[in-house]
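K.L.:
Note that our numbering has the sequence shown beginning at 31, numbered continuously upward. For each residue, glycine too, the CB sits at the ideal point set by N, CA and C.
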Amino acid sequence: MLSPSAPIARRVPVAIVGGGQAGLAMSWLLKRRGIEHVVFEKHRVAHEWREARWDSFCLVTPNWQCRLPGWPYAGDDPHGFMLKEQIVAYLEGYAASFAPPLHEGVQVTRLRRVDGGFELQTRAGDCFAGQVVIATGGYHTPIVPRSAERLPGTILQLHSSSYRNPRQLPAGAVLVVGSGQSGCQIAEDLHLAGREVHLAVGAAPRSPRVYRGREVTDWLTDSGYYDIPYERHPQKETVREKTNHYLTGRDGGREIDLRRFALEGMQLYGRFGEIIAGDGALLARFAPDLGHNLDQADASYLSIRRSIDQYIEAQGIDAPCEAPYMPVWEPQAERTSLDLAGAGITSVIWAIGFAADYRWIEAPVFDGRGRPVQRRGVTDVDGLYFLGLPWQNTWGSGRFADVGKDAEYLLRHLALADTGVG
Ligand SMILES: Cc1cc2nc3c(=O)[nH]c(=O)nc-3n(C[C@H](O)[C@H](O)[C@H](O)COP(=O)(O)OP(=O)(O)OC[C@H]3O[C@@H](n4cnc5c(N)ncnc54)[C@H](O)[C@@H]3O)c2cc1C
């Protein structure tokens with residue numbers, strides 16, 4: 031790797047923006063192919079895993095799916111789920127293994143098309159590149175609703191990316207808003223620590239962890255699900271917008287069933303609406319859709335089980351049977367408001383996701399919502415590529431599992447172009 035103060039190359043054939051797993055995978059392939067390039071990373075390698083995850087965070091995907099080019103998981107627990115510091119070490123080890131031409135602490139503040147390529151502006155100097163790969167992840171700006179401004183200063187508010195552990199929160203009950211992977215796992219973290227948790231449940235789907243004697247990821251690998259490109263997926267391009275299924279890798283991996291949490295005392299509500307003042311109190315309001323959202327999460331859970339049953343039957347596999355699924359809890363009534371002071375809420379955690387922010391890129395490659403329009407990472411602007419987007423091609427595109435395959439696909443495009451820049 032370059033020393034922090036190394037001067038920035040004025041002209042390079044390829045520039046990669048982002049030093050996470052996607053940027054490093056691309057760099058590894060370019061280096062092996064002998065294509066000169068640089069990697070710009072705003073912070074440090076693995077920044078997102080290091081700084082935007084809670085202390086007890088672990089992978090939801092099994093370790094064996096960490097298979098970056100030239101750096102497959104080599105530990106002794108392929109079916110386990112690496113903890114946060116192990117993930118950071120895995121990525122740091124990757125970078126150390128091939129010494130990418132990496133400039134850490136260098137943010138690209140503006141990218142624009144110029145004759146024959148692209149100008150990348152940074153505070154450490156500008157760079158001209160014939161081709162550019164944007165590998166800046168998909169989780170840029172934490173989403174917090176404007177309604178949050180109505181909460182008094184006495185209530186601590188955090189986005190899920192700033193949550194670390196239960197000790198960080200003042201004594202009292204916690205409202206977690208959002209039931210995607212982060213919301214569910216943070217709610218569980220607090221619940222296991224004995225905190226009183228209120229959870230606003232949205233439309234996120236859920237997945238079984240182990241079914242008919244095997245990890246679900248093993249079944250889905252064998253049945254070819256992970257190889258389906260989004261174009262052949264029943265949901266087509268809309269699958270890129272879907273919230274991830276919730277389950278956890280904690281303690282060796284298990285399902286998350288919010289109904290079970292409810293039985294254990296967690297207070298569940300429907301989708302969060304707003305904060306309003308009413309009857310002399312500050313109220314959090316929710317849609318009357320908790321029952322519906324739990325049923326929908328179960329529907330996705332059951333459809334995964336069904337697809338595995340069909341695969342087992344079609345292949346004539348001898349696999350143990352499972353008892354039919356029975357919900358363990360049903361809401362007796364929809365509760366649409368929560369008196370925050372009355373319930374002793376002292377913290378609110380917003381776990382409703384992130385918005386993408388590509389305003390620094392000046393190129394006509396975005397749709398009306400500011401998302402890159404790309405096919406397998408290739409845009410309509412010659413020489414401008416994206417890598418690491420959710421479902422860029424397959425389920426594993428935005429994950430450790432298959433970002434390497436997408437990088438290999440881009441390598442074929444990058445290697446074909448003779449930019450004459452160097
Ligand atoms: C809560 C959560 C849990 C996840 N769990 C899993 C899991 O279990 N398994 C799995 O496979 N995947 C998981 N993912 C998905 C995915 O693996 C991660 O989001 C991963 O961080 C994506 O890697 P990346 O390299 O594409 O992007 P990032 O890790 O986000 O890296 C992008 C890098 O670009 C840098 N950057 C951004 N803008 C600029 C700029 N203008 N100039 C220079 N540098 C810039 C950032 O500092 C950052 O380091 C999870 C994601 C989240 C949010």
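1) Between the Cα of Ala393 and the Cα atoms of Pro43, Ala329, Val144, which residue gives the shortest distance?
2) In terms of residue numbering, what span does the beta strand (DSSP E) encompassing Gly418 cover?
3) Heavy atom of ligand 1 less than 7 angstroms from the Cβ of Leu89, yes or no?
4) On the CB-based measure, 16 or more other CB atoms within 10 Å of its CB, does Ile173 come out buried or exposed?
5) Grab me the residues of Tyr124's own chain with a C-beta within less than 7 angstroms of its C-beta, minus the 5 sequence neighbours each way, in chain order.
6) If you follow the beta strand (DSSP E) that Gly160 is in, where does it begin and where does it stop?
7) Looking at the structure shown, is Glu149 part of a helix, part of a strand, or coil, going by DSSP?
8) Expressed to the nearest angstrom, what Euclidean distance is found between the alpha-carbon atoms of Arg62 and Tyr241?
9) Distance, Cα to Cα, Ala45 vs Tyr256?
10) At a cut of 8 angstroms, does the region 321-330 reach the region 257-274 through at least three beta carbon pairs?
11) Can you tell me whether Gly146 is buried or exposed, with buried defined as 16 or more other CB within 10 angstroms of its CB?
12) State the Cα-Cα distance for the pair Met356 and His228, rounded to the nearest angstrom.
13) Starting from Val246 and walking both ways along the alpha helix (DSSP H), at which residues does that stretch end?
14) For Ala431, verify whether its CB is less than 7 angstroms away from any heavy atom of ligand 1.
15) In chain order, what residues of the same chain lie with their CB nearer than 7 angstroms to the CB of Thr171, ignoring the 5 residues before and after it?
16) What three-state label does DSSP hand Trp79 in the structure shown?
17) Under 6 angstroms Cβ to Cβ from Val136, same chain only, skipping five residues before and after it: list those, please.
18) Terminal residues of the continuous beta strand (DSSP E) containing Tyr299?
19) Out of Gly243, Ala437, Ile216, Gly110, point me to the one whose CA is closest to Ala230's CA.
20) Identify whether Tyr276 lies in helix, strand or coil by the three-state DSSP scheme.
21) From Arg262, Ile65, Gly49, Asp85, pick the residue whose C-alpha is nearest to that of His77; which is it?
22) Taking the C-alpha atoms as reference points, what is the distance between Lys435 and Gln51?
23) Hey, is Trp79 close to ligand 1, as in C-beta under 7 angstroms from one of its heavy atoms?
24) Rounded to whole angstroms, what's the CA-CA distance from Thr376 to Cys88? Just pull it up for me.
25) Under 8 angstroms: do the region 390-407 and the region 197-210 share three or more Cβ pairs, one atom per stretch?
26) Would you tell me roughly how many angstroms separate the C-alpha atoms of Glu352 and Trp359, rounded to the nearest one?
27) Going by Cα to Cα distance, which pick from Ala39, Gly426, Leu417, Leu121 is closest to Gly407?
28) Smallest Cα separation from Gly282: which of Glu245, Ile334, Leu313, Thr251?
29) For Thr139, which residues in the same chain have their Cβ closer than 8 angstroms to its Cβ, ignoring the five residues on either side in sequence?
30) Does the beta-carbon of Arg83, which I'm using as the reference point, lie nearer than 7 angstroms to any heavy atom of ligand 1?
31) Compare the Cα-Cα distances from Ser177 to each of Gly168, Ala431, Ser333, Val378 and report the closest residue.
32) According to DSSP, which residues form a beta bridge with Leu222?
33) Here's a check: name, in chain order, each residue in its chain whose Cβ is nearer than 8 angstroms to the Cβ of Val118, leaving out the five neighbours to either side.
P.N.:
Checking against the coordinates, here is how it stands:
1) Val144
2) Neither: Gly418 is in no beta strand (DSSP E) and is coded neither H nor E.
3) yes
4) By the 10 Å Cβ count, Ile173 comes out exposed.
5) Contacts found: Leu54, Leu98, Trp101.
6) 157-164
7) strand
8) 40 angstroms
9) 29 angstroms
10) Of all C-beta pairs linking the region 321-330 to the region 257-274, fewer than three are shorter than 8 angstroms, placing the two stretches out of contact.
11) With fewer than 16 other Cβ atoms within 10 Å, it is exposed.
12) 24 angstroms
13) 246-252
14) Correct: Ala431 has its Cβ closer than 7 angstroms to ligand 1.
15) Phe384, Ala385, Asp387
16) helix
17) Phe70, Thr152, Ala154
18) 297-299
19) Ile216
20) strand
21) Gly49
22) 12 angstroms
23) yes
24) 27 angstroms
25) The region 390-407 is not in contact with the region 197-210.
26) For Glu352 and Trp359, the distance between alpha carbons rounds to 20 angstroms.
27) Leu417
28) Glu245
29) Gln151, Thr152, Arg153, Trp390
30) yes
31) Nearest C-alpha to Ser177: Val378.
32) According to DSSP, Leu222 bridges with nothing at all.
33) Ala76, Trp79, Arg80
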